[in-house]
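> Would you mind keeping the following structure in view while I ask a few things?
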Amino acid sequence: MCSAARLPHHVDNFCRTCITKFWDEQVKYKCPVCNQIFDTKPDPQVNTLLSELAAQFRTTVRVKEQPCVEPAEVPCDFCTGTQQKAVKSCLECFISFCQTHLEPHQRVAVLKKHRLVEPMDRLEDRMCKKHNRLLELFCQTEQVCVCLLCTVTDHKSHPVVPLKEEYEVKTAQLGKMEAEVPQMIQERKQKIKEVKDRVELSNKDADREIADGGQVFTALIVCVEKCRDEFNQTVQEKLKSTEKQAEDLIKELEQEIEDLTNRCSEVKQLSHTEDHLHFLQTFRSLKDPPPTRDWTTVEVRPPSYVGTLRRSLDQLEETLNMEMKKLFDDAELKRVQQYEVDVTLDPDTANGWLILSEDGKQVHGGGVGRYSQTTLRDLQIIYLFSRGRASLQGDFTLRYRLKTRLNGC
Numbered sequence: 104m105c106s107a108a109r110l111p112h113h114v115d116n117f118c119r120t121c122i123t124k125f126w127d128e129q130v131k132y133k134c135p136v137c138n139q140i141f142d143t144k145p146d147p148q149v150n151t152l153l154s155e156l157a158a159q160f161r162t163t164v165r166v167k168e169q170p171c172v173e174p175a176e177v178p179c180d181f182c183t184g185t186q187q188k189a190v191k192s193c194l195e196c197f198i199s200f201c202q203t204h205l206e207p208h209q210r211v212a213v214l215k216k217h218r219l220v221e222p223m224d225r226l227e228d229r230m231c232k233k234h235n236r237l238l239e240l241f242c243q244t245e246q247v248c249v250c251l252l253c254t255v256t257d258h259k260s261h262p263v264v265p266l267k268e269e270y271e272v273k274t275a276q277l278g279k280m281e282a283e284v285p286q287m288i289q290e291r292k293q294k295i296k297e298v299k300d301r302v303e304l305s306n307k308d309a310d311r312e313i314a315d316g317g318q319v320f321t322a323l324i325v326c327v328e329k330c331r332d333e334f335n336q337t338v339q340e341k342l343k344s345t346e347k348q349a350e351d352l353i354k355e356l357e358q359e360i361e362d363l364t365n366r367c368s369e370v371k372q373l374s375h376t377e378d379h380l381h382f383l384q385t386f387r388s389l390k391d392p393p394p395t396r397d398w399t400t401v402e403v404r405p406p407s408y409v410g411t412l413r414r415s416l417d418q419l420e421e422t423l424n425m426e427m428k429k430l431f432d433d434a435e436l437k438r439v440q441q442y443e444v445d446v447t448l449d450p451d452t453a454n455g456w457l458i459l460s461e462d463g464k465q466v467h468g469g470g471v472g473r474y475s476q477t478t479l480r481d482l483q484i485i486y487l488f489s490r491g492r493a494s495l496q497g498d499f500t501l502r503y504r505l506k507t508r509l510n511g512c
């Protein structure tokens, strides 16, 4: 690269060596471009801008002449000193070559027949361990990569296809998996929300139960305090049991979400690879989703507090007067009234001892039994269902009211 020079009071630029050689061959000193003649030999001055550009160009050329191997690049297997970047890999030699060491494969007739591909790392992993041949086929029976000799020995009767063909099939399956895993994650997040909602409902039920029980026991002065403490303890134990169950379910769901998220990342990472062998060898371990639980029927059921208060009160001494019973009945009725619904009684399910009004809204005892004693022998409470049976809570309210209002029939 020549040094840049400029003639004094002149716009043209030349290489200092070239312009000096040009003048040595001329009779007169003149500009090679515009032919301007100079009386004396000019002294070329350095063109600072062009000199800096030339220096940068020389540096760039030197860097290109001495390439280094980046971490993501494949090194030449033949370089003994500083390893150069490989430009091709030979599938016959199982060696990667830089441009210099690739020259025999471009010159020697026998080597010209070798299959050259883009640089590949770890070529030894692409060889059949048994036959020392290139793995270029896929056995669909055993789901493994095989060489040509494997197809006439261990995999003789197995269907085999080229790696590219199986790669395309597995890529389609991977796309389906990539779409399914986020859905599974979303379902488990929804299940976590359901579990938390159940726990919140359980907390409300427990708080309400404790408050109602507290009103009854407070009215019964000192002799009732022991029973009240036992009642609260029972409710709290049921609540803690429910919370423990919910906590365990949430932990299990969160673990499955973590496993599925990791699997989603692995699937996405694998979906971007174009390395057929690596793809197929890794796909086998990602084919099946991580073991998960079927959460369709799993739910947290709030504990039932029905009868808890009554059992606690049964422990009280017989000296408690009728006021205690009145307080209990009022509290119990208030508790179940939260489930009250407007119902129309179904005459088809009414016991023969019940008489329904025409609008199906009222009922009283005194009817003639229409059912055999076999049908009635297990009935402890005479009751009927509403049309459509809106909910178990509604049925419970109805049975409670019938029990309390028909006991005197």
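Each number in the working numbering comes from the position in the sequence shown (counting from 1) with 103 added on.
All C-beta atoms, glycine included, are put in the ideal place defined by N, C-alpha and C.
Quick caveat: nothing in here was measured; it's all calculated off a predicted structure.
Glutamine 318: buried (16+ other C-beta within 10 angstroms of its C-beta) or exposed?
Numbered from 1 along the sequence shown, position 215 holds the residue referred to as residue 318. Exposed, since its Cβ has fewer than 16 Cβ neighbours within 10 Å.
> Cysteine 121 to histidine 208, Cα distance in whole Å?
For the purposes of this step, residue 121 is taken as the residue at position 18 of the sequence shown. For the purposes of this step, residue 208 is taken as the residue at position 105 of the sequence shown. Looking at the two C-alpha atoms, the distance is approximately 41 Å.
> Kindly list the residues whose CB is nearer than 8 Å to the CB of serine 374, restricted to its own chain and excluding five residues on each side of it in sequence; keep chain order.
Locating residue 374 in the sequence shown gives position 271, counting from the first residue. Within the same chain, serine 374 has close Cβ partners Thr274, Leu277, Gly278, Glu281.
> Hey, is the stretch 336–353 in contact with the stretch 394–411, meaning 3+ C-beta pairs nearer than 8 Å?
As far as the Cβ criterion goes, the stretch 336–353 touches the stretch 394–411, which means the pair count is three or higher.
> Looking at the secondary structure, which residues open and close the alpha helix (DSSP H) in which phenylalanine 386 lies?
In the sequence shown, the residue the question calls residue 386 occupies position 283. 379–389 is the extent of the alpha helix (DSSP H) around phenylalanine 386.
> Apart from the five residues just before and just after leucine 363, which ones in its own chain have a Cβ nearer than 8 Å to its Cβ?
Along the sequence shown, one-based indexing puts residue 363 at 260. Within the same chain, leucine 363 has close Cβ partners Val284, Met287, Ile288, Arg291, Pro392, Pro393, Thr395.
> Provide the residue(s) that pair with leucine 238 in DSSP beta bridges, ordered along the chain.
Along the sequence shown, one-based indexing puts residue 238 at 135. Per DSSP, none; premise fails for leucine 238.
> Determine the contact status of arginine 236 and leucine 251, defining contact as a CB-CB distance below 8 Å.
For the purposes of this step, residue 236 is taken as the residue at position 133 of the sequence shown. For the purposes of this step, residue 251 is taken as the residue at position 148 of the sequence shown. Going by C-beta atoms, arginine 236 is nearer than 8 Å to leucine 251.
> For proline 265, I'd like the list of residues in its chain whose CB is within less than 8 Å of its CB, leaving aside the five on either flank, ordered along the chain.
On the sequence shown, residue 265 is found 162 positions in, with the first residue counted as 1. The residues are Glu239, Leu240, Phe241.
> Determine, for glycine 410, whether the minimum Cβ-Cβ distance to residues of chain D falls below 8 Å.
The structure shown contains no chain D; it is built from a single protein chain.
> Which of helix, strand or coil does DSSP assign to isoleucine 324?
Residue 324 sits at position 221 when you count from the first residue of the sequence shown. Coil at isoleucine 324, not helix or strand.
> Evaluate glycine 410 with the Cβ neighbour count: other Cβ atoms within 10 Å of its Cβ, from every protein chain shown; 16 or more gives buried, anything less gives exposed.
Looking up residue 410 in the sequence shown gives position 307. Counting Cβ neighbours within 10 Å, glycine 410 comes out exposed, since fewer than 16 surround it.
> Please work out which residues of its chain come closer than 7 Å, Cβ to Cβ, to valine 586, disregarding the five sequence neighbours upstream and downstream, and give them in chain order.
Past the boundaries of the shown model lies residue 586; the chain is included only from 104 to 512, so the question cannot be answered.
> Per DSSP, what kind of secondary structure is leucine 178 in: helix, strand or coil?
Start at 1 with the first residue of the sequence shown, and residue 178 comes out as number 75. The displayed chain sequence assigns proline, not leucine, to residue 178. Strand, per DSSP.
> From the DSSP output, in three-state form, read off phenylalanine 141 for me.
The sequence position of residue 141 within the sequence shown is 38, counting from 1. In the structure shown, phenylalanine 141 sits in a strand (DSSP, three-state: E or B).
> Identify whether phenylalanine 197 lies in helix, strand or coil by the three-state DSSP scheme.
Your numbering for residue 197 matches position 94 in the sequence shown. Reduced to three states, the DSSP call for phenylalanine 197 is coil.
> Whole angstroms is fine: what's the gap from glutamine 187's alpha carbon to threonine 203's?
Position 84 of the sequence shown, counted from the first residue, corresponds to residue 187. Position 100 of the sequence shown, counted from the first residue, corresponds to residue 203. For glutamine 187 and threonine 203, the distance between alpha carbons rounds to 9 Å.
> Output needed for valine 272: all residues of its chain with C-beta closer than 7 Å, excluding positions within five of it in sequence on either side, in chain order.
Numbered from its first residue, the sequence shown carries residue 272 at position 169. Excluding sequence neighbours, valine 272 sits near nothing in its chain.
> Quick check: what's the CA-CA separation for lysine 551 versus cysteine 201?
Shown here, the chain extends from 104 to 512; a query on residue 551 therefore has no answer.
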